[in-house]
């Protein structure tokens with residue numbers, strides 16, 4: 048993984064938190080070439096990080112949410128899972144030219160609705176044919192939303208015998224295919240409360256949602272399965288790895304190793320954007336391979352060129368943020384304005400109202 052170069056910055060988040068970071072200059076070039084913006088959640092810092100480009104320079108903003116976890120970008124909206132709610136931000140791109148500084152923003156997303164799920168430990172989110180799919184980690188199931196219920200269970204692993212709030216297998220990741228759930232990651236084939244914890248360094252699996260069969264075993268705390276064409280990509284998080292699954296052989300093939308716990312994955316063009324985290328001083332990571340190098344782990348985003356298999360750009364936090372949760376890409380926009388759900392002194396309110404004569 049390449050070393051960050053000299054471009055750096057700092058922001059003060061809340062009265063006590065200074066967030067310091069640095070990044071390789073090539074990151075802005077890659078985003079400009081892709082015409083894409085990266086959104087990243089960090090529940091530990093309570094922020095949504097937005098990385099865009101304006102006038103060839105990286106633009107960085109932090110939006111406040113309560114323990115943001117999963118994030119999903121749709122065609123006209125963004126969903127952000129938080130501690131007890133899922134927030135929906137709707138596109139209001141016609142507003143962007145009118146926001147100061149004029150000419151900077153090429154899109155706009157503003158909070159419109161929130162859905163109260165309770166603390167279900169929602170991990171990956173994904174938009175599909177049936178609306179938003181949520182990986183409900185606490186109840187070991189995939190679910191959708193309905194206004195009459197906290198959530199609607201739609202699927203669970205066959206080895207989980209009942210719907211109960213016990214985080215039995217630590218179901219955490221979701222890959223979609225043709226608008227439907229196709230693959231998920233779990234940390235163990237377990238059917239008891241917290242059953243994934245004892246042997247988590249070797250019991251991680253990828254499951255096929257359609258067949259409810261195991262695709263590959265023996266992973267270490269896997270996350271973020273994604274389909275790119277016919278290739279199934281997975282983060283073997285406990286090794287700090289991004290790689291592909293040979294489904295016919297039932298084998299995981301590492302492509303690149305990062306200096307951190309890998310969680311959060313999105314693709315754009317020939318690049319993979321990978322979240323990397325430091326790990327907490329808790330028993331959760333006992334026996335996990337990357338814990339042996341705890342002092343040298345980093346937190347940020349690594350950009351992997353899928354042609355070469357090498358890390359070619361980095362955004363790295365130096366202080367204030369130690370864990371990345373989810374990563375997604377907003378395609379076709381270099382610098383959208385995104386409003387947070389919990390506006391603080393560093394953020395701005397954005398109001399959207401009907402125009403006179405619109406009939407609204």
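In my numbering, the protein residues as written are 48 to 407.
From the three backbone atoms N, C-alpha and C, an ideal C-beta is built for every residue, glycine too.
Opening and closing residue of the alpha helix (DSSP H) in which residue i lies
i: residue 221; result: No alpha helix (DSSP H) contains residue 221, which is instead part of the beta strand (DSSP E) from 220-224.
i: residue 30; result: Within the shown structure, residues of the chain are numbered from 48 to 407, placing residue 30 beyond reach of any answer.
Expected contact under 8 Å - CB spacing of residue i and residue j to nearest Å
i: residue 198; j: residue 183; result: 6 Å
i: residue 138; j: residue 123; result: 4 Å
i: residue 254; j: residue 281; result: Going by Cβ atoms, the distance from residue 254 to residue 281 rounds to 11 Å, so no, they are not a contact pair.
i: residue 85; j: residue 95; result: That belief does not hold up - the Cβ atoms of residue 85 and residue 95 are roughly 11 Å apart, past 8 Å.
i: residue 116; j: residue 332; result: Not confirmed; about 18 Å, so no contact.
Extent of the continuous beta strand (DSSP E) run through residue i
i: residue 377; result: 373-378
i: residue 327; result: It is not in any beta strand (DSSP E) - residue 327 carries neither H nor E in the DSSP assignment.
i: residue 170; result: 169-175
i: residue 138; result: 132-138
i: residue 348; result: 346-352
i: residue 255; result: 251-255
i: residue 201; result: 199-202
i: residue 191; result: 188-191
Rounded straight-line distance, which links the Cα of residue j to that of residue i
i: residue 301; j: residue 291; result: 6 Å
i: residue 369; j: residue 344; result: 10 Å
i: residue 100; j: residue 382; result: 6 Å
i: residue 48; j: residue 297; result: Note that residue 48 scores a pLDDT of 44, beneath 50, so its modelled location is shaky and nothing firm can be said.
i: residue 295; j: residue 256; result: 16 Å
i: residue 62; j: residue 129; result: Note that residue 62 has pLDDT 45, beneath the 50 cutoff, so the model's placement of it is unreliable and no number is given.
i: residue 188; j: residue 210; result: 8 Å
i: residue 67; j: residue 208; result: 46 Å
i: residue 78; j: residue 341; result: 30 Å
i: residue 221; j: residue 156; result: 24 Å
i: residue 362; j: residue 158; result: 27 Å
i: residue 246; j: residue 195; result: 38 Å
i: residue 104; j: residue 127; result: 26 Å
DSSP-derived helix/strand/coil call for residue i
i: residue 53; result: Unreliable positioning characterises residue 53 in this predicted model, as indicated by a pLDDT of 43, which lies under 50. The coordinate reading is nonetheless provided below. Looking at residue 53 - three-state DSSP - the assignment turns out to be coil, as it is neither helix nor strand.
i: residue 158; result: strand
i: residue 230; result: strand
i: residue 183; result: strand
i: residue 360; result: strand
i: residue 318; result: strand
key: Secondary structure, beta strand (DSSP E): runs of 3+ residues fully inside the stretch 262-316   = 270-275, 278-283, 288-293, 298-304, 308-315
task = Please list the segments of the beta strand (DSSP E) lying wholly inside the stretch 86-127, counting only runs of 3 or more residues, in order along the chain.
result = 94-101, 104-111, 118-120
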